[in-house]
Structure formats: structure tokens, C-alpha cells
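Student: Read top to bottom, the protein sequences are chains A and B.
Numbering-wise (my numbering), the first sequence opens with residue 1 and increments by one.
Numbering-wise (my numbering), the second sequence opens with residue 212 and increments by one.
Note that CB positions come from ideal geometry on N, CA and C, so glycine has one too.
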Amino acid sequence: MRALEGPAVPIPRSCVHGGAPAPVADRRETDSDDELMQRMAKGEHDALAELYRRHGAAVYSLARHICNDARAAEEVTQDTFLRAWRSAAGFESRGRCAAWLLQIARRRAIDERRRQGRQVETAAWQEDALAADAAADPEAAVVAHDLRARVRRALAAMSAEQRAVVEAVFFAGLTGRQASILLGIPPGTVKSRLRLAYAHLRAALGEPTPR
Amino acid sequence: MSPRCLTEEELAGYAFDALAPGERKRVQAHARACPSCRARIAEAQALGDALLAAPVRMEPPAGLGPRILDRARGTLTLDLRHRTRRRGTLWLGVAAALLLAANGLQLWQAGHLRAEIARLRAAGAVAGQLGATATVERQLSLVGTAVAPGASAQVSVVREADQEMLLLTASGLPALRGAEVYHLWLLQGDRRRSGGTFTVAADGRGALVVHLPTGVTFDAVGVTREPNASTRQPQGPKVLGETG
Numbered sequence: 001m002r003a004l005e006g007p008a009v010p011i012p013r014s015c016v017h018g019g020a021p022a023p024v025a026d027r028r029e030t031d032s033d034d035e036l037m038q039r040m041a042k043g044e045h046d047a048l049a050e051l052y053r054r055h056g057a058a059v060y061s062l063a064r065h066i067c068n069d070a071r072a073a074e075e076v077t078q079d080t081f082l083r084a085w086r087s088a089a090g091f092e093s094r095g096r097c098a099a100w101l102l103q104i105a106r107r108r109a110i111d112e113r114r115r116q117g118r119q120v121e122t123a124a125w126q127e128d129a130l131a132a133d134a135a136a137d138p139e140a141a142v143v144a145h146d147l148r149a150r151v152r153r154a155l156a157a158m159s160a161e162q163r164a165v166v167e168a169v170f171f172a173g174l175t176g177r178q179a180s181i182l183l184g185i186p187p188g189t190v191k192s193r194l195r196l197a198y199a200h201l202r203a204a205l206g207e208p209t210p211r
Numbered sequence: 212m213s214p215r216c217l218t219e220e221e222l223a224g225y226a227f228d229a230l231a232p233g234e235r236k237r238v239q240a241h242a243r244a245c246p247s248c249r250a251r252i253a254e255a256q257a258l259g260d261a262l263l264a265a266p267v268r269m270e271p272p273a274g275l276g277p278r279i280l281d282r283a284r285g286t287l288t289l290d291l292r293h294r295t296r297r298r299g300t301l302w303l304g305v306a307a308a309l310l311l312a313a314n315g316l317q318l319w320q321a322g323h324l325r326a327e328i329a330r331l332r333a334a335g336a337v338a339g340q341l342g343a344t345a346t347v348e349r350q351l352s353l354v355g356t357a358v359a360p361g362a363s364a365q366v367s368v369v370r371e372a373d374q375e376m377l378l379l380t381a382s383g384l385p386a387l388r389g390a391e392v393y394h395l396w397l398l399q400g401d402r403r404r405s406g407g408t409f410t411v412a413a414d415g416r417g418a419l420v421v422h423l424p425t426g427v428t429f430d431a432v433g434v435t436r437e438p439n440a441s442t443r444q445p446q447g448p449k450v451l452g453e454t455g
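#1: Mind pulling the chain B residues with CB within less than 9 angstroms of A57/A?
#2: Kindly list the residues whose CB is nearer than 8 angstroms to the CB of V59/A, restricted to its own chain and excluding five residues on each side of it in sequence; keep chain order.
#3: Tell me whether the beta-carbon of G355/B lies closer than 8 angstroms to the beta-carbon of V432/B.
#4: Does the pairing of the segment 35-49 of chain A with the segment 66-76 of chain A give three or more beta-carbon distances under 8 angstroms?
#5: Take G259/B and list the residues in its own chain whose beta-carbon comes closer than 6 angstroms to its own, dropping the five residues that flank it on each side.
#6: Using CA atoms only, rank isn't needed, just tell me which of E270/B, C216/B, D228/B, E221/B is closest to S192/A.
#7: By DSSP, does Q444/B sit in helix, in strand, or in coil?
#8: Mind checking whether G417/B and F429/B have CB atoms under 8 angstroms apart?
#9: Which stretch, first to last residue, makes up the alpha helix (DSSP H) that contains S61/A?
#10: How long is the line joining the alpha carbons of E348/B and L378/B, rounded to whole angstroms?
#11: Decide yes or no for the touch test of the segment 260-272 of chain B against the segment 228-240 of chain B: beta carbon pairs closer than 8 angstroms, at least 3 of them.
#12: Which residues in the same chain have their Cβ closer than 6 angstroms to the Cβ of G224/B, if we skip the five residues on either side of it in sequence?
#13: Roughly how many whole angstroms lie between the Cα atoms of A168/A and S159/A?
#14: Is it buried or exposed for Q444/B, if we count other Cβ within 10 angstroms and need 16 for buried?
#15: In chain A, which residues lie with their C-beta within 8 angstroms of the C-beta of L387/B?
#16: Quick one: measure Cβ to Cβ for R215/A and A390/B, integer angstroms, because I've assumed they're closer than 8 angstroms.
#17: Closest Cβ-Cβ distance between T380/B and chain A: below 8 angstroms?
#18: Taking 6 angstroms as the limit between beta carbons, can you name the residues of its chain near L174/A, skipping five residues before and five after?
#19: Need the endpoints of the beta strand (DSSP E) that G406/B sits in, please.
#20: Per DSSP, what are the beta-bridge partners of G389/B in this structure?
#21: Considering just the uninterrupted stretch of the beta strand (DSSP E) at E348/B, what are its terminal residues?
#22: In this structure, what does DSSP give as the bridge partners for T435/B?
#23: Run through chain B and tell me which residues come within less than 7 angstroms of T77/A, C-beta to C-beta.
#24: State the beta-bridge partners of E375/B as determined by DSSP.
#25: For F170/A, which residues in chain B fall below 9 angstroms Cβ to Cβ?
#26: Would you kindly work out how many angstroms separate the C-alpha atoms of R249/B and A412/B, rounded to a whole number?
#27: Quick check on DSSP: helix, strand or coil for L247/B?
#28: If you check the beta carbons only, do R404/B and W396/B fall under 8 angstroms apart?
#29: Could you have a look at S480/B and say whether DSSP puts it in helix, strand or coil?
#30: Compute the beta-carbon to beta-carbon distance between W85/A and A386/B, rounded to the nearest angstrom, for a pair I have assumed lies under 8 angstroms.
#31: With a Cβ-Cβ cutoff of 8 angstroms, do P187/A and R195/A count as a contact?
#32: Relative to the alpha-carbon of A440/B, which residue among V143/A, E112/A, A149/A, A197/A has its alpha-carbon at the smallest distance?
#33: Taking 8 angstroms as the threshold (beta carbon to beta carbon), is T435/B in contact with chain A?
#34: DSSP beta-bridge partners for G417/B?
#35: Of all the residues that make up the segment 398-419 of chain B, which are near chain A by a beta-carbon distance shorter than 8 angstroms?
#36: Going by CA-CA distance only, name the one from G206/A, L205/A, Y198/A that's closest to T218/B.
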């Protein structure tokens, strides 16, 4: 992945606990996401750069998927990381930093999409085998890549009707009632299709890793 | 605690964020009291998390990361791609050099910018970019309104040949929350044009550089506090306006 440009930000001595500080490059690569958030809370821009290096593509891709507009996706991505920067001090560490970022991006992108008045459409869910996943731990990156592949395969294998309901509710932010009106189906059918889609995804994630 | 355990429909609704706020609260309340459903809810949440990361992976544009970092540092170079055609990168370099020069200095006072340009030119900091003919055409002082009483800003319009750039440096602005930004508006009679958005550092200082397209004129400027960077008309309160 590409490194962010810009002047290096020295790590304050007050942030180093015991011994000599590790070189900036080492810390950037090995700190967990939660540790990056803690460093961001202390005002370390270098930690924000690393968080973006790891999750910028995922946030941008989600925003592009929801907004279907490059410019809007840039704004959503920017707002997401700036919100993370400003909220770092109050961030509760639960090992879900990536999901937290993506949830912020999803809500912001849905707002943007509503503003654009974009219709719901069923997106293509093909493989992107060449896409890279950045993480502090190479093993975690492999696991994340495998998980994404499974979810995408499961989405691709769903019926078009199930996928349309998932798109309308999860990615377009419609309520069940709104989705039923938009798709021309009873509210009960929205619920049952979501239940089937959920069962489908659960089964796909529970499968052993293909070799 | 709800008397019955969660249905698959409720779990699906939780995973896909399809529950009404009241339903969601009820599901969470039940899960807190029921270990079995707590595990099922955790699984539903993990599935929702996985779905968020599923879209086809696309690389963001190369300039986005540096722009985010610039904003986090409290400065911004405005991207006007969708408002006007870019006319070369000359002024972007100048803007970057001026902002770097301003970093750590006191807020530019009237006349300070001219001296700063001379100093930069003498130091060769923008050699080949800032010609000998650059002039400060106009300077405006902004003061904080009732919602930002301690704030102030300087706006300078710098011209070289037929290119114009607006520089705003502000101080004493209140901290922003969430996706909030400060938005500069250029006013010409009844017409209001967006001049771009900026954020501020922890000490309340921020800066904005705008490459003014040919033909853009204004007779006044103002700054509002907006809920996000996407507003096309002012929605939040005015925080900075001209004196008198």
C-alpha cells in the first residue's frame, strides 16, 4: 500500500513507556488499531496516517458502493477519518476499530446518498482477488481478505430478490417499510428475505476455509 | 428482560440494521440479560461488520490521504475540481509554501502577508513559483459573531499575472464536533458562492487557500459553522463576518 506523504511527526517522549522509543517506521507498522487510536488521542498525526493507510481503501470502497460517486466517496472518506481524529479521545477500545470506522462511513454515505436522491440498484458482487488488505498483523490481513471473499461469494450466490433487500436496507439505509414500498413487496416479505439472506451469510461464514 | 428469546428475523434485522430504534433497544436489552442471545447478537454484529467490508475494493485517489492529514493539522488546500477547471499547479505550490510559512507564526496582520511574500522570495522558498509581480490586492478583517466572540480572521487576495488566490487565516474559533466544518462564503450582491471549507486545530486556528477562478468577484465574505462539508447553502450559524 502507498504511504502517506507529508512531514514526519515526532513521537512525544511522554507517549513512550519505558526504554528508548522505537523508530517511527517500526511503531507505525506494529501498533494495533486501538493503539493508533490512543496515539491519535494524544495528537499524533502519524497515527492517523497509519490508520488511513490501513483502512482508507475499505472506507472509500464502502462509500463508493453506497454513493456510486467518486467525489461523494472522497468527502465521506475524509469526514470519516476526521471524525475518528476528533473522537479518538472518547473511543472505547473493543478491538472493533475497523468496523467502527466503516459504520461511521456507512451512515455518512447513506446521508449523502439520500441527498443525491439515488435509487436503489443491485450492485455486482464479483471477486477482487488482487485487492490488498492492510493490517498490523499479516495473518490478520489474510483472515480479513478471506472473510471478505466469503461474504462476497455469499452475496453473489443469493437470489436477486434477497440481494435487492440487503442493498435497500443495509447499503441504502431504508427502513423495512420504505424498502417494501420501493421494491413493491409486502413488509413481511422484506423481513423474510432478510432472514433468508442472514441465514445464507451465516452459513457461508461458517464454512471451512477453501484450499 | 423480554420473556422470549430472539427470533431469526430479529437477528437478521439487527445484522442488517433494519430494526426500528425501539425494536433495537428491546433486542439489546434482552441480549444483556440472556447469555444465549448475547452470543447470537454478537454473531449478528460480526456478520454486519463483515458486510461493511465486502464492497469491491477500490483505491482512493492519491491526494486524499495528504488532504485528510492537512485538515487534521488545521489547514486545508481547497480542491476546486468540481467547481472550476484547474488552471495549472503554480498556485497550489505557492499556497502550500505560504501555508507552511504561516505554520507556527502569529496570525497574519494587515500588511504582514506582503512582507511574508518578500521573505519567501528572498529565501528562495518558492523560487520559480512566485514571480516578482505578485501583489496583495485586497485585505479584509473578520471578527467573531455572538456565537464565536473570541474569533477573528484575515482574508487576503493575492494576484500574480491573471491568477488570483484567496488566503484566509483564522484564530480563536470554537472546536468542531463530528463532521462539522467551517465554511467560507463569497458574497456578491444577492449571490452567495461557496469558497470552501476548513477545520481548526485544537488551539482554534485554521487556514484556507482558494484558487479563485477567472471572473469570480465578491464584495464581502462570511464564515458559517456547518454540520458537514456537503452543505450547498448555509445551514449553521455565522461565526465570522466583516467589521463595520
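Tutor: So, from the data block:
#1: Residue mapping note: residue 57/A aligns to position 57 of the first sequence, counting from 1. Under the 9 angstroms cutoff, chain B gives R268, M269, E270, P271.
#2: What you label residue 59/A is simply residue 59 of the first sequence in a count that begins at 1. Around V59/A: V76, T77, T80, F81, L101, L102, A105.
#3: As a position in the second sequence, residue 355/B is number 144, starting the count at 1. As a position in the second sequence, residue 432/B is number 221, starting the count at 1. Contact: no.
#4: no
#5: Counting from one through the second sequence, the residue named residue 259/B turns up at place 48. Here the set comprises A226.
#6: As a position in the first sequence, residue 192/A is number 192, starting the count at 1. It is E221/B.
#7: To locate residue 444/B, count along the second sequence from 1; it is residue 233. Correct three-state label for Q444/B: coil.
#8: Counting from 1 along the second sequence, the entry for residue 417/B is found at position 206. Counting from 1 along the second sequence, the entry for residue 429/B is found at position 218. No. Outside cutoff.
#9: The sequence position of residue 61/A within the first sequence is 61, counting from 1. Segment 45-67, the alpha helix (DSSP H) holding S61/A.
#10: Taking the first residue of the second sequence as position 1, residue 348/B is located at position 137. Taking the first residue of the second sequence as position 1, residue 378/B is located at position 167. Their backbone Cα atoms lie some 12 angstroms apart in a straight line.
#11: no
#12: Within the second sequence, the letter at position 13 stands for residue 224/B. Cβ neighbours of G224/B beyond the five flanking positions: L230.
#13: By one-based count along the first sequence, residue 168/A stands at place 168. By one-based count along the first sequence, residue 159/A stands at place 159. One C-alpha to the other measures close to 14 angstroms.
#14: One-based indexing of the second sequence puts residue 444/B at position 233. Exposed is the call here.
#15: Here residue 387/B refers to the residue found at position 176 when the second sequence is read from its first residue. Chain A residues near L387/B: R86.
#16: In the structure as shown, chain A begins at 1 and stops at 211. Residue 215/A is therefore absent and cannot be evaluated.
#17: If you number the second sequence from 1, residue 380/B lands on position 169. No - not a single Cβ of chain A is within 8 angstroms of the one on T380/B.
#18: As a working note, residue 174/A is residue 174 in the first sequence. Here the set comprises A168.
#19: Position 195 of the second sequence, counted from the first residue, corresponds to residue 406/B. First-last of the beta strand (DSSP E) with G406/B: 402-409.
#20: Taking the second sequence and counting its residues from 1, one reaches residue 389/B at position 178. Answer by DSSP bridge pairing: none, since G389/B is not bridged.
#21: Indexing the second sequence from 1 puts residue 348/B at position 137. Its beta strand (DSSP E) spans residues 346-355.
#22: The sequence position of residue 435/B within the second sequence is 224, counting from 1. Paired residue(s): H394/B, K449/B.
#23: Translated into the one-based positions of the first sequence, residue 77/A becomes position 77. Under the 7 angstroms cutoff, chain B gives P271, L275.
#24: Walking along the second sequence from the start, residue 375/B turns up at place 164. Answer is R370/B, L423/B, bridged to E375/B.
#25: Position 170 of the first sequence holds residue 170/A. Result: A226, F227, D228, A229, G259, L262, L263.
#26: For this step, residue 249/B is matched to residue 38 along the second sequence. For this step, residue 412/B is matched to residue 201 along the second sequence. Straight-line Cα distance between these residues: approximately 41 angstroms.
#27: Taking the second sequence and counting its residues from 1, one reaches residue 247/B at position 36. The residue you asked about is not Leu; residue 247/B is Ser in the sequence shown. It is helical.
#28: By 1-based counting over the second sequence, the position of residue 404/B is 193. By 1-based counting over the second sequence, the position of residue 396/B is 185. In this structure, W396/B lies closer than 8 angstroms to R404/B by Cβ.
#29: Nothing in the structure corresponds to residue 480/B, since chain B is present only between 212 and 455.
#30: The sequence position of residue 85/A within the first sequence is 85, counting from 1. The sequence position of residue 386/B within the second sequence is 175, counting from 1. Not confirmed; about 12 angstroms, so no contact.
#31: Here residue 187/A is taken as the residue at index 187 of the first sequence, counted from 1. Here residue 195/A is taken as the residue at index 195 of the first sequence, counted from 1. No, they are not a contact pair.
#32: Residue mapping note: residue 440/B aligns to position 229 of the second sequence, counting from 1. Of the candidates V143/A, E112/A, A149/A, A197/A, the one whose C-alpha sits nearest the C-alpha of A440/B is E112/A.
#33: Working through the second sequence from its first residue, we reach residue 435/B at position 224. No - not a single Cβ of chain A is within 8 angstroms of the one on T435/B.
#34: The residue you call residue 417/B lines up with position 206 of the second sequence. Bridge partners of G417/B: A381/B.
#35: T410, A413
#36: The sequence position of residue 218/B within the second sequence is 7, counting from 1. Of G206/A, L205/A, Y198/A, the residue nearest in Cα terms is Y198/A.
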